[in-house]
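Residue numbers (our numbering): 4 to 313.
Just so you know, even glycine gets a beta-carbon here, dropped at the ideal spot from N, CA and C.
Report on the following structure.
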Amino acid sequence: MSVNHFEETKQMLKGSIAPVITPFTEDDSVDLETLRELVNWHIDSGSHGISVTGTTGEPSSLTLEEREQVMETAISAVAGRVPFVPGTGSTNHLETLHLTKAAQEMGADAAMVIVPYYNKPSQHALFKHFKAVAEAVDIPLIVYNIPGRTGVNLEAKTLARLNEDCPNIIGVKESNKDFEHVNRVLLNCGRDFLLFSGIELLCYPMLAIGGKGYISATANVLPGKVAEVYNAWEAGNVEEAMQLHYELMPLNDVLFRDTNPAPVKAALGMMGKIKPRLRLPMDVPSQSIQEEIRTVLNSYGLLNQVGSES
4 MSVNHFEETK QMLKGSIAPV ITPFTEDDSV DLETLRELVN WHIDSGSHGI
54 SVTGTTGEPS SLTLEEREQV METAISAVAG RVPFVPGTGS TNHLETLHLT
104 KAAQEMGADA AMVIVPYYNK PSQHALFKHF KAVAEAVDIP LIVYNIPGRT
154 GVNLEAKTLA RLNEDCPNII GVKESNKDFE HVNRVLLNCG RDFLLFSGIE
204 LLCYPMLAIG GKGYISATAN VLPGKVAEVY NAWEAGNVEE AMQLHYELMP
254 LNDVLFRDTN PAPVKAALGM MGKIKPRLRL PMDVPSQSIQ EEIRTVLNSY
304 GLLNQVGSES
């Protein structure tokens with residue numbers, strides 16, 4: 004794939020790329036039909052792109068075959084209407100290669116590859132891992148840095164080395180609460196490097212420093228409003244974007260009262276979108292947290308307009 008194609012992809016990836024949950028049936032099978040419905044709802048509501056099998060999609064609870072099934076179902080539902088960026092990373096290097104190649108073969112616009120979790124690689128090892136993945140495929144890659152889940156931070160200088168050595172590494176999803184760090188990502192990688200926020204309260208601030216958008220779990224519950232933050236910013240309506248940022252804050256807060264995506268799935272269950280099922284060792288939040296979620300959803304009018312949010 005040519006450098007020009009990577010540049011074209013960089014122009015295309017922006018705004019709210021919704022990290023869609025993986026719905027399950029009562030017997031904990033993957034509910035592919037509901038997944039299709041969710042993808043269509045996101046696109047109809049204004050999401051600028053679709054991602055699956057990232058953190059919010061519970062990839063560590065899925066088999067390799069299920070992850071591929073989810074990706075295939077989602078890209079079929081997307082049908083080229085918006086960019087499709089599945090999560091293909093794993094703690095296992097060979098699995099990461101397999102899934103990233105699968106994403107390329109099915110026609111994904113880019114793949115999002117997480118910093119391997121649990122094993123806490125050094126910066127040198129992370130460089131070798133991502134470079135090997137990048138060299139094994141032609142698809143554009145977005146590195147996914149989420150130190151709170153992985154136990155290690157991909158440093159800005161390591162990312163800059165990858166950006167320099169690997170033309171198809173075109174951006175990063177930063178779920179790092181250290182705002183100094185994300186500023187240094189663009190300083191070290193260049194302002195044309197794609198920076199996406201994975202921290203809900205930093206979605207708006209990252210736009211202000213040159214970010215291209217965000218991949219926010221909250222989009223699962225209020226996709227239209229989350230997309231509008233970017234739309235307002237892009238249109239130069241800074242005050243409107245800021246107002247939407249603060250308007251979304253109570254929802255952002257309650258959706259992280261337990262480990263993501265448990266509160267999101269509880270919320271979607273209350274809204275009649277899915278059966279609120281997670282595979283063990285994950286589970287739905289406690290009753291007290293569910294009551295908090297219900298109260299907040301009610302304040303946004305989300306329990307009175309099932310199936311109609313935009």
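Reference residue i; option with closest CA among the options
i      : options                        : result
Glu250 : Met209, Val155, Ile117, Thr221 : Thr221
Leu97  : Arg84, Gly83, Val88, Pro119    : Pro119
Thr59  : Met285, Arg297, Leu306         : Met285
Thr28  : Arg297, Ile296, Leu305, Lys268 : Lys268
His8   : Lys131, Gly90, Asp141          : Asp141
Leu305 : Pro170, Asn223, Thr262, Glu237 : Asn223
Arg70  : Leu165, Leu35, Arg84           : Leu35
Asp261 : Pro288, Arg84, Asn186          : Pro288
Leu158 : Pro170, Cys169, Asn191, Ser54  : Checking the sequence shown, residue 158 turns out to be Glu, not Leu. Glu158 has its Cα closest to that of Asn191, out of Pro170, Cys169, Asn191, Ser54.
Ile53  : Arg84, Thr161, Phe259          : Arg84
Val88  : Val229, Ala230, Pro143         : Pro143
Asp256 : Ile292, Pro279, Glu237         : Ile292
Trp44  : Ala230, Thr161, Glu183         : Ala230
Rounded straight-line distance, which links the Cα of residue j to that of residue i
i      : j      : result
Asp181 : Pro86  : 28 angstroms
Lys13  : Glu177 : 16 angstroms
Glu243 : Val232 : 8 angstroms
Ser63  : Gln290 : 25 angstroms
Glu294 : Lys17  : 34 angstroms
Val23  : Val155 : 25 angstroms
Leu189 : Leu247 : 25 angstroms
Ala163 : Met274 : 42 angstroms
Ser313 : Asn240 : Here the model assigns Ser313 a pLDDT of 39, short of 50, so the residue's position is not dependable and the matter cannot be decided.
Val33  : Ile277 : 12 angstroms
Met245 : Phe133 : 35 angstroms
Glu11  : Asn179 : 27 angstroms
Phe130 : Ala106 : 21 angstroms
Arg152 : Met74  : 22 angstroms
Arg187 : Gly90  : 24 angstroms
Asp30  : Thr76  : 20 angstroms
Glu167 : Lys160 : 11 angstroms
Ala238 : Met15  : 17 angstroms
Asn307 : Phe259 : 23 angstroms
Trp236 : Glu68  : 39 angstroms
Met252 : Asn234 : 18 angstroms
Ala139 : Pro279 : 37 angstroms
Glu183 : Gln72  : 38 angstroms
Cys169 : Glu108 : 20 angstroms
Beta carbon of residue i nearer than 9 angstroms to that of residue j
i      : j      : result
Leu314 : Leu225 : For the chain, the structure presents residues 4 to 313; residue 314 sits outside this window and is missing.
Glu61  : Leu281 : yes
Ile172 : Ala135 : no
Thr25  : Thr66  : no
Gly110 : Thr103 : no
Asn46  : Ile218 : Inspection of the sequence shows that residue 46 is occupied by Ile rather than by Asn. No, they are not a contact pair.
Gly1   : His51  : This structure does not reach residue 1, given that the chain is present from 4 up to 313, and the question cannot be answered.
Closer than 8 angstroms: residue i CB and nearest the ligand SAH heavy atom
i      : result
Gly272 : Annotation note on the ligand SAH: not contained in the displayed structure, which lists no ligands.
Contact belief for residue i with residue j at Cβ below 8 angstroms, rounded distance in angstroms
i      : j      : result
Gly193 : Gly49  : Rounded, the Cβ-Cβ distance is 29 angstroms, inconsistent with contact.
Phe196 : Gly174 : 6 angstroms
Tyr121 : Thr99  : With a Cβ gap of about 14 angstroms, Tyr121 and Thr99 do not count as contacting.
Pro266 : Ile296 : 6 angstroms
Val185 : Leu165 : Val185 to Leu165, Cβ: 16 angstroms. No contact.
Min CB distance residue i to chain B below 9 angstroms
i      : result
Ile277 : The question asks about chain B, but that chain is absent: this structure has only one protein chain.
Evaluate contact between the region 108 to 128 and the region 147 to 164, counting only Cβ atoms and requiring at least three cross-stretch pairs below 8 angstroms.
-> The region 108 to 128 is in contact with the region 147 to 164.
Would you be able to state if there are at least three C-beta pairs under 8 angstroms between the region 193 to 205 and the region 40 to 53?
-> With a cut-off of 8 angstroms, the region 193 to 205 and the region 40 to 53 do not count as touching, because too few Cβ pairs lie within range.
With contact counted as at least three CB pairs below 8 angstroms, one residue from each stretch, are the region 118 to 137 and the region 205 to 216 in contact?
-> Counting Cβ pairs under 8 angstroms, fewer than three are found: no touch.
May I ask you to verify whether the region 67 to 81 touches the region 292 to 306, counting CB pairs closer than 8 angstroms and requiring at least 3?
-> They do not touch, by the three-pair rule.
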